[in-house]
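K.L.:
Handing you a structure now.
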Amino acid sequence: MRYRFRCEYLGSAYYGWQEQNEHGKTKYVTVQSALEEAFKTALRTPIDLVAAGRTDTGVHARGQMVHFDYDGEIDCKKLTRSINGLGRHTVKIRDLEVCDPEFHSRYDAVSRYYVYSIFTRPVALLRDFGWEIGHLPIDYDLMQREAKSFIGEHDFIRFCIPRNDGKSTLCNITRFELVQVSDYMVQWHIQGNRFLHRQVRAMVGTLFDVGRGRYPEGTVKEIFADRFKGERTMAPPQALVLEDVIY
Numbered sequence: 001m002r003y004r005f006r007c008e009y010l011g012s013a014y015y016g017w018q019e020q021n022e023h024g025k026t027k028y029v030t031v032q033s034a035l036e037e038a039f040k041t042a043l044r045t046p047i048d049l050v051a052a053g054r055t056d057t058g059v060h061a062r063g064q065m066v067h068f069d070y071d072g073e074i075d076c077k078k079l080t081r082s083i084n085g086l087g088r089h090t091v092k093i094r095d096l097e098v099c100d101p102e103f104h105s106r107y108d109a110v111s112r113y114y115v116y117s118i119f120t121r122p123v124a125l126l127r128d129f130g131w132e133i134g135h136l137p138i139d140y141d142l143m144q145r146e147a148k149s150f151i152g153e154h155d156f157i158r159f160c161i162p163r164n165d166g167k168s169t170l171c172n173i174t175r176f177e178l179v180q181v182s183d184y185m186v187q188w189h190i191q192g193n194r195f196l197h198r199q200v201r202a203m204v205g206t207l208f209d210v211g212r213g214r215y216p217e218g219t220v221k222e223i224f225a226d227r228f229k230g231e232r233t234m235a236p237p238q239a240l241v242l243e244d245v246i247y
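For the sequence shown, position 29 (counting from the first letter as 1) is numbered 29 according to UniProt numbering, and the numbering increases by one without interruption.
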C-alpha cells in the first residue's frame, strides 16, 4: 500500500533533504535519513521515503509532501505519534494517510510555494529564520517591478547550480510577490511548477542587488539573455521555507 504525509523541519539542523551515502554508510544527517531511521524503528523494516522536492542545506519546510510504500495496513494516528516521538525534535510529520497507489509526491505536484523572509532592521529573536539586511537603503518598489521578469516559463540555468543530471532547467513561475508583514519584515511569496538547486536564493539575491542599487533595473532580463557578467549575491538559506506543495 502507498501512504503519504506532510512534514515540517528545521533546515539548519540537517544537510538538506536528500540522503547522502558514502561507501554504503550515511555521510551526513539529512531530513530523509533521520525520518527513515524513525520509520525503520517504528515499522521494524526499512522503507524508502520520496519527497516532493529536495530542499537545500539550511532551508526549512512547513508543508513538504512525502510518500512511501508499505506491505500492510498502518494505524496512521498511532504511527504519527511514534514517528514524532522517536524522531528528532527538529522534524515532525502530520496528516499521514493511505493514498492512491499511483500517487507520486514529486511527479504529481502542480506547484511548489516558498516564502523568503527579510528583516529590514537588526533582530535577535527571529534572526535564524530570515535575512537580516539591517538599515541598508532598499528600493522595494523597484525590486517588485524587477521580480515581474521572473513570471512565466524561462530557462533558469543561470539562476541555479546545475546538478548535471540531464533534466530540463525550464521552470514556470506563477507568483513572485513582495508582502509587507510588519514595520521590520517583508516576505517574498514565490510559486512555480518546479525549482532548481538554489534557484530561489539566486533570484532573491539578484533582486536584492537591484534594490540596493548595485545593478540597474532590467538586470534579470540581461541574465536570462546571458549578457550579464558581474558578480551576484546568493541569498542565505535560513530565510527560505517550503510552505506548501500543491496537487
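Where a beta carbon is used, it is the ideal one built from N, C-alpha and C, also for glycine.
Within the same chain, show all residues whose beta-carbon is closer than 6 Å to that of residue 171, passing over the 5 residues directly before and after it, in chain order.
P.N.:
The residue given as residue 171 occupies position 171 in the sequence shown. The residues are 156, 192 and 194.
K.L.:
Express the C-alpha separation of residue 100 and residue 2 in angstroms, rounding to a whole number.
P.N.:
Position 2 of the sequence shown, counted from the first residue, corresponds to residue 2. Position 100 of the sequence shown, counted from the first residue, corresponds to residue 100. Computed Cα separation, rounded: 7 Å.
K.L.:
What residues match up with residue 60 in a beta bridge as DSSP calls it?
P.N.:
Against the sequence shown, residue 60 aligns to sequence position 60. Paired residue(s): 241.
K.L.:
Once you ignore the five residues that flank residue 40 on each side, which residues in its own chain have a CB closer than 6 Å to its CB?
P.N.:
For the purposes of this step, residue 40 is taken as the residue at position 40 of the sequence shown. If the five residues before and after residue 40 are omitted, its C-beta is found closer than 6 Å to the C-beta atoms of 46, all from its own chain and listed in chain order.
K.L.:
Specify the secondary structure class of residue 171 as computed by DSSP and reduced to three states.
P.N.:
Position 171 of the sequence shown, counted from the start, is the residue given in the question as residue 171. The answer is strand: DSSP assigns residue 171 an E or B state.
K.L.:
Is DSSP giving residue 252 helix, strand or coil here?
P.N.:
The chain is shown from 1 up to 247; residue 252 falls before or after that span and cannot be answered.
K.L.:
Check whether the segment 197-215 and the segment 121-129 are in contact - that is, three or more C-beta pairs closer than 8 Å.
P.N.:
no
K.L.:
Do you know how far the Cα of residue 177 is from the Cα of residue 144?
P.N.:
Sequence index remark: in the sequence shown, residue 144 carries index 144 (1-based). Sequence index remark: in the sequence shown, residue 177 carries index 177 (1-based). Roughly 7 Å separates the two Cα atoms.
K.L.:
Nearest to residue 76 by alpha carbon, out of 169, 187 and 42?
P.N.:
Stepping through the sequence shown from its first residue, residue 76 is reached at position 76. Out of 169, 187 and 42, 42 has the C-alpha closest to the C-alpha of residue 76.
K.L.:
With a threshold of 7 Å on Cβ separation, who are the neighbours of residue 79 within its own chain once the five nearest residues in sequence on each side are excluded?
P.N.:
Numbered from 1 along the sequence shown, position 79 holds the residue referred to as residue 79. 42 and 96.
K.L.:
Once the 5 residues before and after residue 23 are set aside, which same chain residues still bring their CB inside 8 Å of it?
P.N.:
As a first step, residue 23 is located in the sequence shown; it is residue number 23 there, counting from the start. At residue 23, the pLDDT of 42 sits below 50, so the modelled position is not reliable; the number obtained from the coordinates is stated separately. Within the same chain, residue 23 has no close Cβ partners at all.
K.L.:
Once the 5 residues before and after residue 89 are set aside, which same chain residues still bring their CB inside 7 Å of it?
P.N.:
Walking along the sequence shown from the start, residue 89 turns up at place 89. Cβ within range, chain order: n/a, list empty.
K.L.:
Mind checking which residues open and close the beta strand (DSSP E) that includes residue 7?
P.N.:
Counting from one through the sequence shown, the residue named residue 7 turns up at place 7. Note, residue 7: beta strand (DSSP E), 2-9.
K.L.:
Beta carbon of residue 220, beta carbon of residue 240: below 9 Å?
P.N.:
Locating residue 220 in the sequence shown gives position 220, where the first residue counts as 1. Locating residue 240 in the sequence shown gives position 240, where the first residue counts as 1. No, the pair does not count as a contact, with Cβ atoms beyond the cut-off.
K.L.:
Between the C-alpha atoms of residue 7 and residue 222, what's the straight-line distance to the nearest angstrom?
P.N.:
Start at 1 with the first residue of the sequence shown, and residue 7 comes out as number 7. Start at 1 with the first residue of the sequence shown, and residue 222 comes out as number 222. Rounded to the nearest angstrom, the two C-alpha atoms are 38 Å apart.
K.L.:
For residue 16, which residues does DSSP report across the bridge?
P.N.:
On the sequence shown, position 16 is the one that residue 16 refers to. Note: residue 16 is not bridge-paired with any residue in the DSSP secondary-structure output.
K.L.:
So within the segment 96-158, which uninterrupted beta strand (DSSP E) runs reach at least 3 residues, ignoring any that extend past its ends?
P.N.:
As far as the segment 96-158 is concerned, its whole beta strand (DSSP E) runs of at least 3 residues are 111-119 and 152-155.
K.L.:
Compute the Euclidean distance between the alpha carbons of residue 83 and residue 94, then round it to the nearest angstrom.
P.N.:
Here residue 83 is taken as the residue at index 83 of the sequence shown, counted from 1. Here residue 94 is taken as the residue at index 94 of the sequence shown, counted from 1. Rounded to the nearest angstrom, the two C-alpha atoms are 10 Å apart.
K.L.:
Please report the straight-line C-alpha distance between residue 236 and residue 69, rounded to a whole angstrom.
P.N.:
Here residue 236 corresponds to residue number 236 of the sequence shown, with the count starting at 1. Here residue 69 corresponds to residue number 69 of the sequence shown, with the count starting at 1. Approximately 35 Å, taken between the alpha carbons.
K.L.:
Using a 10 Å radius around the Cβ and a threshold of 16 neighbouring Cβ atoms, would you call residue 9 buried or exposed?
P.N.:
The count along the sequence shown starts at 1 and reaches residue 9 at position 9. Its Cβ being crowded by 16 or more others within 10 Å, residue 9 is buried.
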